[in-house]
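To convert, count from 1 in the sequence shown and add 2; that's the numbering used here.
Heads up, the beta-carbon is just placed ideally off N, CA and C, and yes, glycines get one too.
Have a look at the structure below before the remarks.
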Amino acid sequence: VINRALVSDGRPFPPPSLDKLEILPDVPESLRLLKENGFLLIVVTNQPDVGRGTQKQETVEKMHTYLLNQLPLDDIYVCWHGQDGECECRKPSSGMLSQAAEKYGVDFQQSYLIGDRWKDIDAGKKVGCKTIFLDYQYNELLHSQPDFTTTSTIRASEWIISQSN
């Protein structure tokens, strides 16, 4: 959860263009804290609008390049498939997490997944990560219980650091 979502009818939507991309205010500091404490920072994101044809993949890739240049992120994994298709990568499936684990040698038992949707929490739970739910009051219910819930990325980072010591 790096950028501000556009919310309509209680549902979050991604920004439609690079000029509408807004990094949330506490995110740079939150990520800096985690990086200083030795964490690998990997984003896993569903981008179904590309699969549905309502967003250009090139636009999303430009946003990701911008985020990689502005923030201390190690990588971004993307599922481009629409919600209708069956795939192994789209959260709550664990395909993107498994790809990242293989590439970076991630131990899920020592890992944390921060997310603002039920799909994030379920994906993290499937692989054995501790999960942190950023509650932005979207109009959807969680399917499983996160390990920690907050409205602040700073508090999420502080909790992760406290759990890892």
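May I ask you to report which of helix, strand or coil DSSP gives residue i?
i, result
"LEU136", "strand"
"ILE116", "strand"
"ILE123", "helix"
Going by alpha carbons, who is nearest to residue i out of the options?
i, options, result
"SER166", "GLN111, LYS93, SER32, THR47", "GLN111"
"GLU88", "ALA103, TYR106, PRO50", "PRO50"
"THR153", "ASP137, ASP124, GLN147", "ASP137"
"TYR79", "ILE44, MET65, GLU90", "ILE44"
"ARG54", "VAL62, GLY84, ILE25", "GLY84"
"LEU171", "GLY130, LEU69, ALA125", "Not covered by the structure: residue 171. The range shown for the chain is 3 to 167."
"VAL108", "LEU70, GLN59, VAL129", "VAL129"
Between which two residues does the beta strand (DSSP E) containing residue i stretch?
i, result
"ASN48", "44-48"
"ILE78", "77-81"
"PRO14", "13-15"
"THR152", "150-152"
I believe residue i touches residue j by the beta-carbon criterion, under 8 Å. Please report the beta-carbon distance rounded to the nearest angstrom.
i, j, result
"ASP28", "ILE134", "In fact, because the Cβ distance is near 14 Å, the residues do not count as touching under 8 Å."
"VAL46", "MET98", "4 Å"
"LEU36", "TYR68", "Not confirmed; about 20 Å, so no contact."
Can you tell me whether residue i is buried or exposed? The criterion is at least 16 other CB atoms within 10 Å of its CB, across all chains shown.
i, result
"TYR106", "exposed"
"PHE41", "buried"
Which residue comes first and which comes last in the alpha helix (DSSP H) that contains residue i?
i, result
"THR155", "155-166"
"THR61", "59-72"
"VAL29", "29-38"
"GLU104", "97-106"
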